[in-house]
Ligand SMILES: Cc1cc2nc3c(=O)[nH]c(=O)nc-3n(C[C@H](O)[C@H](O)[C@H](O)COP(=O)(O)OP(=O)(O)OC[C@H]3O[C@@H](n4cnc5c(N)ncnc54)[C@H](O)[C@@H]3O)c2cc1C
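In the working numbering, the protein residues as written are 124 to 365.
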């Protein structure tokens, strides 16, 4: 007698705490028909997934930080802020994720042959990793500015080195890189130098004063404060679906 075919499952392959309250998790599918497999084959920079840890959990959006189609793998980086992100943080390698849906959202526009400035703050740094990678591989001259409150929260900086022509680190307290906000670094870099600024909006700036990122500039802020300088703001990534 043949055994029934098992439906695909989404399994946590790795989960690591990379900063206070911030986790780096990879989910893989048990078969090519699984959600992580599908997402890993189709996702573009700037897209997100909806994920639910278990029956009691809510579906929450998380930006796709990286994919690897050969491994049917989707990497997500999240900050614990409430019930559902706390549930996700308790998962261990080998645990099943109940639902994973995606890729969702409009992919980021990827220009070619331009000078671009990519800005990320706090956990929003994860959202700009694939965007900076796409821009770099499309032949742009890429400057990345990363900011956080303090050095422990300055995540993924080594992963930007191979995909940035210049990497500028900022901390509010001066514990790493230059002291001050990403906007200070941007003001110095931007004058007449770039064609586009994809900026990640700080995800939880309004509520996590202890561990959250420094507020990042919105495109409107960039345009207003830099009027006369005139970089073209293409998109903002990582914070909201709308
Ligand atoms: C398109 C998109 C992509 C995202 N990508 C990421 C990502 O890659 N990594 C990541 O860590 N987070 C990301 N987020 C935010 C993430 O979805 C929320 O942090 C998560 O839904 C919170 O769920 P929770 O049940 O843990 O907290 P909840 O219990 O829902 O929330 C706890 C408290 O925080 C408030 N809150 C929840 N989310 C936010 C928010 N974004 N800003 C301000 N206040 C909020 C709630 O109103 C509530 O008061 C993304 C959000 C969107 C819309």
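All C-beta atoms in this analysis are idealised placements derived from N, C-alpha and C, irrespective of residue type, glycine included.
Nearest candidate by alpha-carbon position, reference residue i, set the options
i, options, result
"residue 231", "211, 261, 213 and 285", "261"
"residue 177", "198, 155 and 206", "206"
"residue 146", "160, 204 and 167", "204"
"residue 67", "195, 292 and 288", "The structure shown has nothing for residue 67, since the chain only spans 124 to 365."
"residue 366", "129, 169 and 214", "This structure leaves residue 366 out entirely; the chain is present only between 124 and 365."
"residue 202", "193, 247 and 167", "247"
"residue 290", "191, 140 and 312", "312"
"residue 169", "241, 160, 250 and 244", "250"
"residue 208", "174, 298 and 267", "174"
DSSP-derived helix/strand/coil call for residue i
i, result
"residue 377", "This structure does not reach residue 377, given that the chain is present from 124 up to 365, and the question cannot be answered."
"residue 163", "helix"
"residue 208", "helix"
"residue 285", "helix"
"residue 248", "helix"
"residue 311", "helix"
"residue 139", "strand"
"residue 188", "strand"
"residue 295", "coil"
"residue 301", "strand"
"residue 198", "strand"
"residue 357", "Only weak support is given to the placement of residue 357: the predicted model assigns it a pLDDT of 40, under 50, and the question is left unresolved by the model."
"residue 278", "coil"
Beta bridge counterpart(s) of residue i as assigned by DSSP
i, result
"residue 222", "175"
"residue 231", "Paired residue(s): none; residue 231 is not in a bridge."
"residue 152", "133"
"residue 270", "244 and 293"
Other residues of its chain near residue i: CB distance less than 6 Å, five sequence neighbours each side excluded
i, result
"residue 225", "162 and 172"
"residue 259", "265 and 286"
"residue 334", "The pLDDT assigned to residue 334 is 37, lower than 50, so where the model puts this residue is not dependable; a value taken from the coordinates is nonetheless given after this. If we look at residue 334 and ignore the five residues flanking it on each side, its Cβ neighbours are 143 and 144."
"residue 236", "262"
"residue 200", "147, 188 and 249"
Close-in-space but distant-in-sequence residues of the same chain around residue i (CB under 7 Å, 5 per side omitted)
i, result
"residue 210", "176, 177 and 180"
Nonlocal neighbours in the same chain, by C-beta distance under 8 Å from residue i, ignoring five residues either side
i, result
"residue 69", "What is shown of the chain runs 124 to 365, which leaves residue 69 out entirely."
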